[in-house]
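**Student:**
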Amino acid sequence: MFGKKKIEYIYEPTGTSITDFGDDRLRLEYGRSSNDLSEVHEQATWIAKTLNAIRQVHGSKGNFRILADLKKLYTLSLDDHARVLYKAIIEQPFVDKVAVVGDAFSFTKVLTISVLLPQKDKKFKFFFSIPEARKWLKW
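In full-length UniProt numbering, the protein residues as written are 1 to 139.
Encoded structure:
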(Lines of atoms letter the chains of each structure in order from A and count residues from 1; the text may use other names and numbers.)
(Lines give C-alpha, C1' and ligand atoms only; values in the text may rest on other atoms or scores of the structure.)
Protein backbone atom coordinates (compact mmCIF):
# COMPACT_ATOMS: atom_id res chain seq x y z
CA MET A 1 0.00 0.00 0.00
CA PHE A 2 3.01 2.26 -0.48
CA GLY A 3 2.00 5.66 -1.83
CA LYS A 4 -1.61 5.40 -0.67
CA LYS A 5 -2.77 8.14 1.66
CA LYS A 6 -5.23 7.32 4.43
CA ILE A 7 -7.84 10.03 5.04
CA GLU A 8 -10.37 10.12 7.87
CA TYR A 9 -13.69 11.98 7.70
CA ILE A 10 -15.50 12.60 11.00
CA TYR A 11 -19.14 13.38 11.74
CA GLU A 12 -18.64 15.48 14.87
CA PRO A 13 -22.07 15.14 16.53
CA THR A 14 -21.62 11.39 17.09
CA GLY A 15 -17.92 10.83 16.45
CA THR A 16 -18.71 8.53 13.54
CA SER A 17 -15.84 8.26 11.09
CA ILE A 18 -15.17 7.06 7.58
CA THR A 19 -11.59 6.06 6.85
CA ASP A 20 -10.54 6.05 3.21
CA PHE A 21 -7.47 3.84 2.83
CA GLY A 22 -6.67 5.32 -0.59
CA ASP A 23 -7.73 2.23 -2.52
CA ASP A 24 -11.17 0.59 -2.67
CA ARG A 25 -11.44 0.01 1.11
CA LEU A 26 -13.49 2.21 3.41
CA ARG A 27 -14.09 1.72 7.13
CA LEU A 28 -17.24 3.23 8.62
CA GLU A 29 -17.03 3.27 12.41
CA TYR A 30 -19.95 4.54 14.43
CA GLY A 31 -18.82 6.65 17.39
CA ARG A 32 -21.88 6.57 19.63
CA SER A 33 -25.60 5.98 19.46
CA SER A 34 -27.69 8.82 18.09
CA ASN A 35 -29.82 10.76 20.57
CA ASP A 36 -32.96 10.70 18.43
CA LEU A 37 -34.23 9.77 14.99
CA SER A 38 -33.43 13.18 13.50
CA GLU A 39 -29.77 12.61 14.41
CA VAL A 40 -29.98 9.12 12.82
CA HIS A 41 -31.29 10.73 9.60
CA GLU A 42 -28.65 13.48 9.67
CA GLN A 43 -25.87 10.92 10.19
CA ALA A 44 -27.12 8.72 7.32
CA THR A 45 -27.29 11.79 5.08
CA TRP A 46 -23.72 12.74 6.10
CA ILE A 47 -22.55 9.20 5.29
CA ALA A 48 -24.17 9.34 1.83
CA LYS A 49 -22.68 12.78 1.07
CA THR A 50 -19.25 11.77 2.34
CA LEU A 51 -19.22 8.58 0.26
CA ASN A 52 -20.14 10.64 -2.81
CA ALA A 53 -17.34 13.11 -2.02
CA ILE A 54 -14.84 10.26 -1.61
CA ARG A 55 -16.04 8.85 -4.92
CA GLN A 56 -15.32 12.22 -6.56
CA VAL A 57 -11.79 12.19 -5.11
CA HIS A 58 -11.18 8.68 -6.46
CA GLY A 59 -12.76 9.42 -9.82
CA SER A 60 -14.60 6.63 -11.58
CA LYS A 61 -12.03 3.97 -10.72
CA GLY A 62 -13.46 0.84 -9.12
CA ASN A 63 -16.03 0.32 -6.43
CA PHE A 64 -15.80 0.50 -2.65
CA ARG A 65 -15.72 -2.37 -0.17
CA ILE A 66 -17.04 -0.97 3.11
CA LEU A 67 -16.56 -2.35 6.62
CA ALA A 68 -19.21 -0.82 8.91
CA ASP A 69 -18.40 -1.28 12.60
CA LEU A 70 -21.39 -0.96 14.95
CA LYS A 71 -19.62 -2.26 18.07
CA LYS A 72 -19.67 1.09 19.92
CA LEU A 73 -23.44 1.45 19.60
CA TYR A 74 -25.47 0.51 22.66
CA THR A 75 -28.75 1.33 20.93
CA LEU A 76 -29.69 1.47 17.29
CA SER A 77 -32.91 3.16 16.22
CA LEU A 78 -34.04 2.84 12.63
CA ASP A 79 -37.39 4.05 11.39
CA ASP A 80 -38.70 3.61 7.85
CA HIS A 81 -36.99 6.81 6.68
CA ALA A 82 -33.60 5.72 8.10
CA ARG A 83 -33.95 2.31 6.46
CA VAL A 84 -34.63 3.97 3.09
CA LEU A 85 -31.57 6.23 3.53
CA TYR A 86 -29.27 3.30 4.34
CA LYS A 87 -30.77 1.15 1.57
CA ALA A 88 -30.00 3.96 -0.91
CA ILE A 89 -26.39 4.09 0.32
CA ILE A 90 -25.94 0.33 -0.12
CA GLU A 91 -27.50 0.43 -3.58
CA GLN A 92 -25.13 3.10 -4.90
CA PRO A 93 -23.47 1.71 -8.04
CA PHE A 94 -20.00 2.46 -6.64
CA VAL A 95 -20.63 0.40 -3.48
CA ASP A 96 -19.41 -3.11 -4.22
CA LYS A 97 -19.82 -4.78 -0.80
CA VAL A 98 -20.84 -3.73 2.71
CA ALA A 99 -19.86 -5.88 5.70
CA VAL A 100 -21.56 -4.83 8.93
CA VAL A 101 -20.01 -5.93 12.24
CA GLY A 102 -21.90 -5.84 15.52
CA ASP A 103 -23.61 -7.83 18.24
CA ALA A 104 -26.88 -9.79 18.30
CA PHE A 105 -28.87 -6.64 19.10
CA SER A 106 -27.39 -4.82 16.10
CA PHE A 107 -28.14 -7.84 13.92
CA THR A 108 -31.88 -7.61 14.65
CA LYS A 109 -31.91 -3.94 13.62
CA VAL A 110 -29.72 -4.34 10.53
CA LEU A 111 -31.81 -7.29 9.38
CA THR A 112 -34.64 -4.84 8.67
CA ILE A 113 -32.44 -3.12 6.09
CA SER A 114 -31.32 -6.36 4.46
CA VAL A 115 -34.91 -7.44 3.77
CA LEU A 116 -35.39 -4.26 1.72
CA LEU A 117 -32.54 -5.22 -0.61
CA PRO A 118 -33.08 -7.50 -3.61
CA GLN A 119 -32.46 -11.11 -2.58
CA LYS A 120 -30.15 -11.62 -5.55
CA ASP A 121 -28.01 -8.76 -4.26
CA LYS A 122 -25.09 -10.30 -2.35
CA LYS A 123 -23.37 -7.02 -1.55
CA PHE A 124 -24.57 -6.68 2.08
CA LYS A 125 -23.78 -9.08 4.92
CA PHE A 126 -23.71 -9.03 8.74
CA PHE A 127 -20.87 -10.47 10.83
CA PHE A 128 -20.17 -10.86 14.54
CA SER A 129 -16.40 -10.37 14.14
CA ILE A 130 -14.14 -8.05 12.17
CA PRO A 131 -11.84 -10.87 10.92
CA GLU A 132 -14.84 -12.65 9.35
CA ALA A 133 -15.98 -9.41 7.71
CA ARG A 134 -12.50 -8.69 6.36
CA LYS A 135 -12.28 -12.18 4.89
CA TRP A 136 -15.61 -11.74 3.08
CA LEU A 137 -14.56 -8.31 1.84
CA LYS A 138 -11.18 -9.72 0.73
CA TRP A 139 -9.28 -7.05 2.65
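Each residue gets a CB set at the ideal place from its N, CA and C atoms; glycine is no exception.
If we call anything under 8 Å between Cβ atoms a contact, is I90 one with K123?
**Tutor:** A contact, by the Cβ cut-off of 8 Å.
**Student:** Determine whether the beta carbon atoms of R27 and L67 lie at a separation below 8 Å.
**Tutor:** Result yes, Cβ atoms of R27 and L67 sit closer than 8 Å.
**Student:** Taking only the alpha-carbon atoms, compute the straight-line gap between T19 and A44 and give it to the nearest angstrom.
**Tutor:** Between T19 and A44, the C-alpha separation is close to 16 Å.
**Student:** Could you check which residue in Y74, L137, D23 and D79 has the C-alpha nearest to that of G59?
**Tutor:** Out of Y74, L137, D23 and D79, D23 has the C-alpha closest to the C-alpha of G59.
**Student:** Going by C-alpha distance, which of Q92, T108, E39 and L73 is nearest E29?
**Tutor:** Of the listed residues, the one whose Cα sits closest to E29 is L73.
**Student:** Do A133 and A99 have their C-beta atoms within less than 8 Å of each other?
**Tutor:** Against a cut-off of 8 Å, the Cβ pair of A99 and A133 comes out as a contact.
**Student:** Return the chain-ordered list of same chain residues with a C-beta closer than 6 Å to the C-beta of V101, the five sequence neighbours on each side being excluded.
**Tutor:** The answer, listed in chain order, is D69, F127, I130 and A133.
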